[in-house]
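Have a look at the structure below before the remarks.
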Amino acid sequence: MSVIFENSRFFRQQGYINGQWVDADSGNTFDVTNPATGEVIARVADMGAAETARAIDAAEAVQAEWAALPARTRCNRLERWYQAILDNRKELGQIMTVEQGKPIAEAIGEVAYGASYIKWFAEEGKRVYGDIIPAPMTDKRNLVIKQPVGIVGAITPWNFPSAMLARKLAPALAAGCVVVAKPAAETPLSALALAVLAEEAGIPAGVINLVTGMDAPAIGSELTSNPKVRKITFTGSTRVGKLLMEQCAGTIKRTSMELGGNAPMIVFDDADLDIAIPGALAAKYRNSGQTCICSNRIFVQDGIYDEFIERLKSEVEKFSIGNGLEEGVTHGPLITEAAALGVESKVQDALEQGARVVTGGARSENGPCFFQPTIIADAVPSMRVFREEIFGPVAPIFRFGNEEEVVELANNTEFGLAAYFYTENMNRMWRVSEALEYGMVGVNETAISSEVIPFGGMKESGQGREGSRYGMDDYLETKLICVGGLDRK
Ligand code: SIN
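Residues in the sequence shown are numbered from 3 upward in steps of one, following the working numbering.
So, in structure tokens, the structure goes:
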């Protein structure tokens, strides 16, 4: 086991149910592996449907009590949790780097990013206002109140193991919901570490439950079919999202789905390359390209095509890939060897169809999970990199001639999460922003994420929004109270 975890009170290998750290009923565990080294860093409780059902029962036992607390009390506890996470962000970042692979600075940044949602919703939770609607008759008054949806099942991904959990737990808890969450089996340690701090911050037993396990279908089926669970929130692939939505139909659960993306980044001839190049680097290579909002297809207009590629290449070749704990490493491994093989096959397909490698293009000698930061030029729509999420550090560059053509290409996908474009023309800024069928559009900017924005997609990229004042709605029911008989004296 890794020495980095020695003496860390955050290093937990058991699930967290009803305020207790517990083993799987079977006693079985699964291995968590450092993708940079291949070392097994933890053996975590391998739970299934029975433990999930118990976690739901534990949540049910405290749901009413948690919802009945004054919002201020709930929010004060969230504030304490936020501060505790920030105070310990370095140690939490180390755990994340070792289980997920991202460089330590990026991991610490993610811990703070996740915590920012807790702070935001600790504030927002005090502002869940109702409404009074003028009635069409004199003897009635219509009041609207907001109430927590109830028990939430949350399923979170491995690419942002801390932030994606925090941005589901924070609005849920602030709204008065309690949660049973399943962190990704590749990266459960960051989630478990957050639970240690939640407990210390005074979040009561049963309000947050973490079910760890490899058997995602068993845990997912229990969460989606159990009638006590009123909502499912999921970040992950569109394929699994569709499955969960089907399963939720049986008990008509609310769902929030943050699913796959196929983000276009469009660079017009009039773009300022001094900002477009850093924008492309950040959007494409953050987290080694394993981000739902990564620019998947980079469209560059004829007039600046060659210059853009040359300048991007010279920056990409400065990257240093390796173990994210090492000084100077800018990019870590992919999550698994299978992920690296998947990226390789998409590059291979592009090359077979006439694309040209500008830099990188292959798996790396650093280890089985690594893939070289790559640029491929002369990409065309028949390639897999046009249709599929790459989820790796590969930038395919497509050439385009005019605005109409590129908007059509950008929208030619079933996905609709994020899109970016660079232009100095203000009229085009409005035209293209409105024409892109995406939930989030960055204009001359790719670093769009923060707790204050409504993060979410259109089309098959999902439904619901996380963060911002809109993010609270996903965890609230709207109830009408119609008071009648008021004309009586
Ligand atoms: C994601 O990849 O799903 C999250 C990215 C972000 O929050 O910026």
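Glycine is no exception: its CB is placed at the ideal position from the N, C-alpha and C atoms.
Values in this document were obtained by computation on a predicted structure and should not be read as measured data.
Looking at residue j and residue i, is the spacing between their C-beta atoms short of 8 Å?
i, j, result
"Ile106", "Gly95", "yes"
"Ile279", "Thr257", "no"
"Pro37", "Thr338", "yes"
"Ala174", "Ala124", "no"
"Ala197", "Pro163", "no"
"Leu336", "Val345", "yes"
"Gly281", "Phe417", "no"
"Lys230", "Ile306", "no"
"Gly326", "Gly40", "no"
"Gly238", "Leu275", "no"
"Phe372", "Ile323", "yes"
"Phe423", "Ile268", "yes"
"Arg82", "Val485", "no"
"Thr361", "Glu319", "yes"
"Ala412", "Pro266", "yes"
"Ala168", "Ile97", "no"
"Asp48", "Gly215", "yes"
"Glu188", "Trp160", "yes"
"Pro398", "Ala352", "yes"
"Asp27", "Glu53", "yes"
"Val42", "Pro190", "no"
"Asn20", "Ala66", "no"
Go through its chain and collect everything with a Cβ distance to residue i's Cβ below 6 Å, but skip five positions before and after it.
i, result
"Asp259", "The sequence shown places Met at residue 259, not Asp. Excluding positions up to five away in sequence, the list reads Phe236, Gly243, Gly464 and Gln465."
"Phe270", "Gln303 and Thr425"
"Ala156", "Lys170, Val181, Ala183 and Thr235"
"Met442", "Ala420 and Ile450"
"Leu488", "Asp141"
"Ser118", "Glu453"
"Gly473", "Pro173 and Arg467"
"Val408", "Ile268, Phe301 and Phe402"
"Ala165", "Glu112, Tyr115 and Gly116"
Secondary structure at residue i, three-state DSSP: helix, strand or coil?
i, result
"Lys230", "coil"
"Cys484", "strand"
"Asp380", "strand"
"Ile97", "helix"
"Leu438", "coil"
"Phe372", "coil"
"Asp489", "coil"
"Lys121", "helix"
"Asp33", "strand"
"Gln16", "coil"
"Phe393", "coil"
"Met431", "helix"
"Leu78", "According to the sequence provided, residue 78 is Asn. The question's Leu does not apply to it. Here Asn78 sits in helix by DSSP."
"Ile210", "strand"
"Leu419", "coil"
"Asp133", "strand"
"Glu407", "helix"
"Arg45", "strand"
"Leu71", "coil"
"Glu126", "helix"
"Glu479", "strand"
"Pro138", "coil"
"Ile205", "coil"
"Arg91", "helix"
"Arg56", "helix"
"Arg401", "strand"
Leaving out the 5 sequence neighbours to the left and right, which residues in its chain are closer than 8 Å to residue i when beta-carbon positions are compared?
i, result
"Ala284", "Thr448 and Ala449"
"Trp23", "Arg14, Gln16 and Gly17"
"Gly132", "Leu145, Val146, Ile147 and Lys148"
"Ser223", "Ala51 and Gln249"
"Asn427", "Phe270 and Asp272"
"Phe400", "Arg299, Ile300, Phe301, Val302, Ala381, Val382, Pro383, Phe388 and Leu411"
"Glu406", "none"
I'd like to know whether the C-beta of residue i is nearer than 8 Å to at least one C-beta of chain D.
i, result
"Glu125", "Although the question refers to chain D, the structure presented lacks it and comprises just one protein chain."
Apart from the five residues on each side of it in sequence, which residues of its chain come closer than 7 Å, Cβ to Cβ, to residue i?
i, result
"Leu194", "Arg14, Tyr18 and Leu212"
"Asn228", "Ala55 and Ile58"
"Arg79", "Ala203, Gly204 and Ile205"
"Ala73", "Gly127, Lys128 and Val130"
"Pro150", "Ala69, Ala177, Gly178, Cys179, Tyr477 and Leu478"
"Ile110", "Arg91, Lys92 and Gly95"
"Ala251", "none"
Exercise for review: Please list the segments of the beta strand (DSSP E) lying wholly inside the region 142-201, counting only runs of 3 or more residues, in order along the chain.
Suggested key: 143-150, 153-157 and 181-184
Point to revise | 4 or more residues per run - each alpha helix (DSSP H) lying fully within the region 232-320 | key: Runs of the alpha helix (DSSP H) inside the region 232-320: 240-251, 275-287 and 307-318.
Point to revise | Unbroken stretches of the beta strand (DSSP E), 3 residues or longer, contained in the region 441-474 | key: 442-445
Review point. What alpha helix (DSSP H) runs, 4 residues minimum, are completely inside the region 327-366?
Key: You should have 339-354.
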